[in-house]
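Asker: Provided herewith is a single structure, encoded as structure tokens, for subsequent inquiry.
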Amino acid sequence: MTTTSVLFPIMITFIFLFTTITSSQPITFPTLTIHTTTVSSNDTVVAVTPTLSASYFVEAQIGLPRFPVKLALSTSIPTTWVQWVECEVCLDVPSKYMNFNPSDGFQLVAGDDAKYCVPPVAKTATSADLCWYDLGFSQGILGNDTFSLVSPASAPSPPPSLKINHFIFGLGKQNVVGFGARSPIVGQLGLGKGHPSSTLSQLNISRFSYCLPLSNSNHQNTNATLEFGPKAGLTTAYYYNTPIFEGPPDHPFDYYLNLTAIAVDNASVYTPSEQKGGEPGFVIDVGATVTVLYKEAYIPMKNAVMEYLSSHFGLYPVYPSPPEYDPPAYELCYYNEDLESITTLTYPNISFHFEGGAVLQLPESQAFHNFVDELQTCLVMIPQTGTEPSQLGAPQQRGWRFTYDLLHSELSFAPNGC
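In structure tokens, the structure reads:
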């Protein structure tokens, strides 16, 4: 388990349809489905790089001359955007010269553009107006220019890059999303579906795949990649499949799955149901830096972890119940001194189960994190206090290869993908 101290930025969003809370029951782990075909080649492959804030980015170039930018991956928004040099509310980047400054080849999208300047991303206007987009945490104007995805020069045998002319993207004027202090990330690569300005629509592809590296170190993992095209994806014949469902009208860009259970120490502690006062579902978003669960799911999972550590090792958390004032970022934490005193310490496994028998089992390093500066190790998931769906964040996706097949509405994933 990593011992790097990490900040707590929270970007939250893949949605699982919730289908009655049951008592703890034994749960079985089906074997990986065996498929007879193997996919081993790809149309486009680019490297994925981690940051200490649990964001993952790819490198891109915009315009001529080529302007280099680092864009965080996100499956919760369809439209790619980059921070404008004339931003009013700006990301905390190391240098203002990292903000995109359009060249002569940049063109604005007209406000009456019937193809791209349409809801819910943009607001239709007149030909004399600019096309303003609103993604919630980034607002600005739509334009187009030459766009390329590339692999860093440090990567051995860099894979081929993707290039598209007249690529539609946003110039972010007001940007409130956080990627960590002095982060080199200046925007997001939108991998959500459902809008003409989406990256996927412009590339005319229905299949993409990614694997997030297990480590946040600067060491380049050549298998940590983002892949596009009909051959993108799993290079093994062993993987899980689960259907993708359409979300509600106010979440048109997300990918919904049917979560059937959450298990702790191989025992079911929660079977989802449609929650009163909130939306059904559970979103998995590669751009979210933390996993968020409805309280109805989080509390039995948290209690099962507490019971395991207390009954097996006599361990008790820093906060038996969360404090009312100034609550910590994570509710369930243990003092490192207590944990290190037990040489035979093991953590309970936590797993998410989906329709079709697919199982995402979290290794210890993805469920718990050692925060050195705080002298605590915490369960790195938090309860949902609002009305938004639950969601699986990037830290819990690390090391797995996820492949999205929009043509067949199917998500495939396998462990040890990078």
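FYI, the numbering for the sequence shown is -24 to -1, 1 to 394, going by mature numbering (1 follows the signal peptide of the UniProt record, and there is no 0). Each residue gets a CB set at the ideal place from its N, CA and C atoms; glycine is no exception. Fair warning: this is a prediction, and the values are worked out from it, not measured in the lab.
Give me, in chain order, the residues of the same chain whose beta-carbon lies closer than 7 Å to that of Phe289; leave out the 5 immediate sequence neighbours on both sides.
Answerer: Ile318 and Leu321
Asker: From what residue to what residue does the beta strand (DSSP E) around Gln164 run?
Answerer: Gly163 to Gly166
Asker: Kindly indicate which residue of Tyr323, Leu351, Leu368 and Pro296 has the alpha-carbon position closest to the one of Phe330.
Answerer: Leu368
Asker: Look up Ser174 in the DSSP assignment and say whether it is helix, strand or coil.
Answerer: strand
Asker: Quick one: what's got a C-beta closer than 6 Å to Lys278's C-beta in the same chain, skipping five residues either side?
Answerer: Leu308
Asker: State the start and end residues of the unbroken alpha helix (DSSP H) segment that holds His288.
Answerer: Lys271 to Phe289
Asker: Kindly indicate the opening and closing residues of the beta strand (DSSP E) around Leu125.
Answerer: Ser114 to Val126
Asker: Which of the three DSSP states, helix, strand or coil, is assigned to Lys91?
Answerer: coil
Asker: Take Leu190 and list the residues in its own chain whose beta-carbon comes closer than 6 Å to its own, dropping the five residues that flank it on each side.
Answerer: Arg374 and Gly375
Asker: On a CA-only basis, which of Ala237, Cys93 and Tyr73 is nearest Ser327? Give me that one, please.
Answerer: Ala237
Asker: How big is the Cα-Cα spacing for His345 and Asn151?
Answerer: 29 Å
Asker: Would Val24 pass as a contact of Thr201 if the rule is Cβ separation under 8 Å?
Answerer: yes
Asker: For Asp314, which of helix, strand or coil comes out of DSSP?
Answerer: helix
Asker: By alpha-carbon positions, which one of Thr218, Ala157 and Val61 ends up nearest to Leu28?
Answerer: It is Ala157 whose Cα lies nearest to the Cα of Leu28.
Asker: Taking Leu235 as the reference, which of Ala334, Ile181 and Val58 has the closest Cα?
Answerer: Ala334
Asker: Per DSSP, what are the beta-bridge partners of Phe347 in this structure?
Answerer: Gln352
Asker: Could you check what DSSP says for Tyr73 in three-state terms: helix, strand or coil?
Answerer: In the structure shown, the three-state DSSP call for Tyr73 is helix.
Asker: Among all the DSSP beta bridges, which residues are the ones paired with Lys169?
Answerer: By DSSP's assignment, Lys169 forms no beta bridge with any residue.
Asker: For Val85, I'd like the list of residues in its chain whose CB is within less than 7 Å of its CB, leaving aside the five on either flank, ordered along the chain.
Answerer: Tyr92, Cys93, Cys107, Leu118, Gly119, Asn120 and Ile144
Asker: How about the segment 293 to 300 and the segment 268 to 275: do they share at least three Cβ pairs that are nearer than 8 Å?
Answerer: No, because fewer than three Cβ pairs between the segment 293 to 300 and the segment 268 to 275 fall closer than 8 Å, the two stretches do not touch.
Asker: Suppose the cutoff is 6 Å on Cβ atoms and the five residues either side in sequence are ignored; what does the same chain contact list for Asp381 look like?
Answerer: Arg183
Asker: Have a look at Pro6 and Pro371 and give me their C-alpha separation to the nearest angstrom.
Answerer: Residue confidence is low: Pro6 scores 42 on pLDDT, short of 50, so the model does not pin down where it sits. Its coordinate-derived value is still stated next. Cα-Cα distance, rounded: 23 Å.
Asker: Please say whether Ile38 and Val21 have beta carbons closer to each other than 8 Å?
Answerer: no
Asker: Opposite Cys66 in the DSSP bridges: which residues?
Answerer: None; Cys66 has no bridge partner.
Asker: Straight-line CA distance for Ser50 to Glu203?
Answerer: 14 Å
Asker: Within its chain, find whatever has a CB closer than 8 Å to the CB of Gln360; leave out the 5 residues flanking it on each side and keep chain order.
Answerer: Gly254, Val268, Leu269, Tyr270, Lys271, Tyr274 and Ser366
Asker: Alpha carbon to alpha carbon, how far is Gly362 from Tyr216? Give it in angstroms, no decimals.
Answerer: 31 Å
Asker: Apply the 10 Å Cβ neighbour rule to Arg42 and answer buried if 16 or more other Cβ atoms are within range, or exposed otherwise.
Answerer: The residue is exposed, with fewer than 16 neighbouring Cβ atoms inside 10 Å.
Asker: Spell out the partners DSSP gives Leu106 in its beta bridges.
Answerer: Ala86
Asker: Kindly indicate the opening and closing residues of the beta strand (DSSP E) around Ala48.
Answerer: Phe43 to Ser50
Asker: Check this for me: beta carbons of Gly112 and Ala101, under 8 Å apart or not?
Answerer: no
Asker: Of all the options Thr56, Ala343 and Phe347, which has the alpha carbon lying nearest to the alpha carbon of Met357?
Answerer: Ala343
Asker: Determine the extent of the beta strand (DSSP E) in which Ile377 is found, giving its start and end residues.
Answerer: Note that residue 377 is Arg in the sequence shown, not Ile. Unbroken beta strand (DSSP E) run through Arg377: Arg377 to Asp381.
Asker: Using a 10 Å radius around the Cβ and a threshold of 16 neighbouring Cβ atoms, would you call Asn180 buried or exposed?
Answerer: exposed
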